[in-house]
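The block underneath contains the structure these notes are about, expressed in structure tokens.
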Amino acid sequence: MKEKFLDPITSNSLTQKLQIFASEEVELSLNINNISYSVKLEPRLTLLDALREKLGLMGTKKACDRGECGACTILINGRRINSCMTLAVMHIDAEITTIEGLAQDDKLHPMQTAFITHDAFQCGYCTSGQIVSAVGMILEEPPKSEAEIREKMSGNLCRCGAYPNIIAAIRDVLEEMENAAI
495 MKEKFLDPIT SNSLTQKLQI FASEEVELSL NINNISYSVK LEPRLTLLDA
545 LREKLGLMGT KKACDRGECG ACTILINGRR INSCMTLAVM HIDAEITTIE
595 GLAQDDKLHP MQTAFITHDA FQCGYCTSGQ IVSAVGMILE EPPKSEAEIR
645 EKMSGNLCRC GAYPNIIAAI RDVLEEMENA AI
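With the numbering used here applied, the sequence shown corresponds to residues 495 to 676, in that order.
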């Protein structure tokens with residue numbers, strides 16, 4: 495079997511060199527929800543599958559597995575990403591946030607509270623991706639209008655059609671942010 499090497503990944507004075515053999519597992523460290531996990535996995539494993547199958551973080555949903563629906567949306571360094579479309583080994587030094595990492599202690603994130611208040615879900619399957627995407631959208635650049643919210647959330651599908659309530663929940667959080675800034 496011929497060895498292949500990835501160039502060293504350097505960040506924060508930490509260098510990790512991964513040896514990759516066809517489908518053999520490699521050990522790596524992932525920072526998820528402010529917890530460092532050491533995990534052995536195949537280099538070709540998606541981040542979504544690593545979260546669900548290796549780490550038991552089931553809040554991130556697997557739906558289309560093609561990056562089309564947004565159910566698997568997570569935050570990587572504060573930016574939204576479909577976890578089904580990226581490999582876990584690509585995010586060794588990244589700050590990964592899933593739906594489980596949004597709440598602080600026993601207090602829900604304001605977006606989670608707004609989704610409950612506005613009944614912004616029906617079957618609930620897309621809800622975690624919708625909430626994480628909404629939080630990421632605000633972190634990236636808060637939208638200025640309802641049309642902009644709809645555009646920026648267009649990568650997250652809701653098969654039940656709870657869009658009006660999702661928009662209302664997001665607007666509620668944005669209004670609270672504006673009032674808090676005054």
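Where is the CB? At the ideal position from N, CA and C, for every residue including glycine.
Original post:
Name the DSSP beta bridge partners of Q598, please?
Top reply: K601
Original post:
Between the beta-carbon of G564 and the beta-carbon of G630, is there less than 7 Å?
Top reply: no
Subject >> CA nearest to the CA of N595, picked from V583, M579, I625 and N576 >> reply: According to the sequence displayed, residue 595 carries Gly and not Asn. For G595, the nearest C-alpha among the options comes from I625.
Subject >> Span separating the alpha-carbon of L541 from that of L535 >> reply: 10 Å
Original post:
How should R560 be labelled, buried or exposed, when 16 other C-beta atoms within 10 angstroms of its C-beta is the threshold for buried?
Top reply: exposed
**OP:** Find out if the Cβ-Cβ distance for the pair A614, N659 is shorter than 7 Å.
**Re:** yes
Original post:
Is the number of C-beta pairs between the segment 651-671 and the segment 595-612 that are closer than 8 Å three or more?
Top reply: yes
**OP:** Rounded to whole angstroms, what's the CA-CA distance from Q598 to N527? Just pull it up for me.
**Re:** 10 Å
Subject >> Bridge-paired residues (DSSP) for E521 >> reply: K534
Original post:
Which residue's Cα is closest to the Cα of E670: P636, M647 and Y531?
Top reply: P636
**OP:** Measure the alpha-carbon distance for C620 versus C652 and round it to whole angstroms.
**Re:** 6 Å
**OP:** Measure the Cβ-Cβ separation of L545 and I586 and say whether it is below 7 Å.
**Re:** no
Subject >> Cutoff 7 Å; reference T591; Cβ partners in own chain excluding five residues on either side >> reply: N527, I568 and L569
**OP:** Please state if the CB of Y531 and the CB of L524 are separated by a distance shorter than 7 Å.
**Re:** yes
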